[in-house]
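Below is one structure; the comments refer to it alone.
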Amino acid sequence: MGGYSIEDDWEFAAPQARTLLLVGRTGNGKSATGNTIFGTNIFQSERSSSGVTRTSELKTTVLEDGQMLNVIDTPGRTYSHELSSVVGCGGVLGLFDSSLDTEYIGKQIVSCIKLAPNGIHAVLVVLSVSSRFTKEEEAAISTLLALFGRKICDYIILVFTGGDLLDDDNKTLEDFLHDCPVSLKEILNLCGNRCVLFDNKTKDQTKKENQVRQLLSLVNMVSKRNGGQPYTNEIFTELKKGTREFEEYTKKFRALTETKQYTQQEISLMTEPMREELFKRVNEMVESKLEETTSRLEHLLEEARASRVKAEEKARAAQKRLDEETREMREELQRAMKRRTQDDQYDVQCETCSIQ
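Right, dumping it as structure tokens:
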């Protein structure tokens, strides 16, 4: 079992391996899920003193059937107390949270793609049964879909952590999903209802193995559904093309070291501008797409806000009409009661006159 870190820019996932991408809000058990998959504490989980994943990290293992498996854990990002009071959730935002600046998201997405230039075989969106499905998480998934297109839905598997809590309540995942918000049900439907429940705290080895087996079965299903082809788009293609160019360029310079014309340090200095240009180009592609996505989401949010305001105005107008009609009916009733009282008094007077 081995691993690679983003610090080494040019060490990638093996092409024959299957690559899984973990995304989700820190606190949902994202890194712990990665550890359960590996069967060991290979990722830094939230329970450690500095458990926030701060940069994309790739680890590799070989399964019993010989299949090589790569898992990329994506970062959360600590936000300020002021922002915390606004969003009202967690302490760290997930990678695709739309409230983060595009430059930060862009760099992290490029980091992920650098680790898996051949593509992603499954995206594991980690949610927790212990906390409500927030608007921020809904927006983050919307950003993911907007950025990579609806095709990414064919690769998404929802992983629900907190299985121990459902066990304590004698509930199943189906029970939980039956009562979940409509927005989560819609996302689940978009992803072909692919989901699995994880208990990352269990000490039961058989239970651990069974839930990992269920997840890998879903990964196999996703792979077959997509003809064994990983998810890629133009960003992956551009990075892969640029990487090949860089490797050819570097190879030529390395040949010069054999003739002792240049030292390895001198070659690194000469090739660095090309590498920087490649990542600058890819970063610009991602940021451009993010800005376009953000603009579209903001437009949709503005439309939704305007629609809500209009609906609220209609509701207020309807309430005003109802109040007015109620007031008129009450006044009419009072007038009718007054007339009735006057009529009764008149009848009494007439009867008195008649007796006299």
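Going by full-length UniProt numbering, the sequence shown runs without a break in its numbering and finishes at 356.
Glycine residues also receive a C-beta, built at the ideal position from the N, C-alpha and C atoms.
Query raised in the report: Hey, does Ala146 have any beta-carbon neighbour from chain C nearer than 7 Å?
Result: The structure shown contains no chain C; it holds only a single protein chain.
Query raised in the report: Which one or two residues does DSSP pair with Ile72 in a beta bridge?
Result: Leu21, Leu58
Query raised in the report: So what's Ile141 in DSSP terms, helix, strand or just coil?
Result: DSSP places Ile141 within a helical segment (H, G or I) once states are collapsed to three.
**Report entry** First through last residue of the beta strand (DSSP E) which encompasses Gly126
**Finding:** The sequence shown places Val at residue 126, rather than the Gly named in the question. For Val126, the uninterrupted beta strand (DSSP E) segment begins and ends at 122-128.
Report task. Would you identify the three-state DSSP class for Leu158, choosing helix, strand or coil? Result -> strand
Query raised in the report: Between the C-alpha atoms of Phe176 and Leu215, what's the straight-line distance to the nearest angstrom?
Result: 18 Å
Query - Buried or exposed (CB count within 10 angstroms, at least 16 for buried), Asp199 - result: buried
Requested in this report: Report yes if the CB atom of His121 is closer than 7 Å to the CB atom of Thr19, and no otherwise.
Outcome: His121 is a Cβ neighbour of Thr19, given a cutoff of 7 Å.
Requested in this report: Throw me the rounded Cβ distance for the Val126 and Leu197 pair, which I believe falls under 8 Å.
Outcome: Not quite, the Cβ-Cβ distance comes to about 12 Å (not below 8 Å), so this is no contact.
Query - Cβ pair Asp179, Asn226 closer than 7 Å - result: no
Query raised in the report: Cα separation between Lys338 and Ala311?
Result: 40 Å
Report task. May I ask you to report which of helix, strand or coil DSSP gives Cys180? Result -> Of the three classes helix, strand and coil, the one that applies to Cys180 here is coil, per DSSP.
Requested in this report: Compute the Euclidean distance between the alpha carbons of Pro75 and Gln108, then round it to the nearest angstrom.
Outcome: The alpha-carbon separation between Pro75 and Gln108 amounts to approximately 8 Å.
Report task. Would you identify the three-state DSSP class for residue 368, choosing helix, strand or coil? Result -> The question about residue 368 has no answer, for the chain in this structure spans 1 to 356.
Query raised in the report: Can you tell me whether Asp73 is buried or exposed, with buried defined as 16 or more other CB within 10 angstroms of its CB?
Result: The residue in question, Asp73, is buried, as its Cβ has 16 or more Cβ neighbours within 10 Å.
Query raised in the report: Going by C-alpha distance, which of Ala116, Ile187, Gly29, Asn193 is nearest Ala140?
Result: Ile187
Query - Val159, buried or exposed, once every other Cβ within 10 Å from all chains shown has been counted against 16 - result: buried
Requested in this report: Please name the residue, chosen from Thr134, Arg194, Glu57, Ile152, that lies closest to Lys114 on a Cα-to-Cα basis.
Outcome: Glu57
Query raised in the report: Mind checking whether Cys195 and Ile156 have CB atoms under 7 Å apart?
Result: In this structure, Cys195 keeps its C-beta atom at 7 Å or more from the C-beta atom of Ile156.
Requested in this report: Quick one: residues in its chain with C-beta nearer than 8 Å to the C-beta of Gly34, no 5 flanking neighbours on either side, listed in chain order?
Outcome: Leu22, Ile42, Phe43, Lys59, Val71, Asp73
Requested in this report: Would you list the residues sitting across from Phe198 in a DSSP beta bridge?
Outcome: Thr161
Query - C-alpha gap between Lys314 and Glu328, whole angstroms - result: Cα-Cα distance, rounded: 21 Å.
Query raised in the report: What residues in its chain sit with their C-beta under 7 Å from that of Phe148, if we drop five residues either side in the sequence?
Result: These residues qualify, in order along the chain: Asn233.
Query raised in the report: Under the three-state reduction of DSSP, which class applies to Arg335: helix, strand or coil?
Result: helix
Report task. Thinking Phe133 and Leu166 are a contact (beta carbons under 8 Å), I'd like their distance in whole angstroms, please. Result -> The Cβ separation is near 15 Å, so there is no contact.
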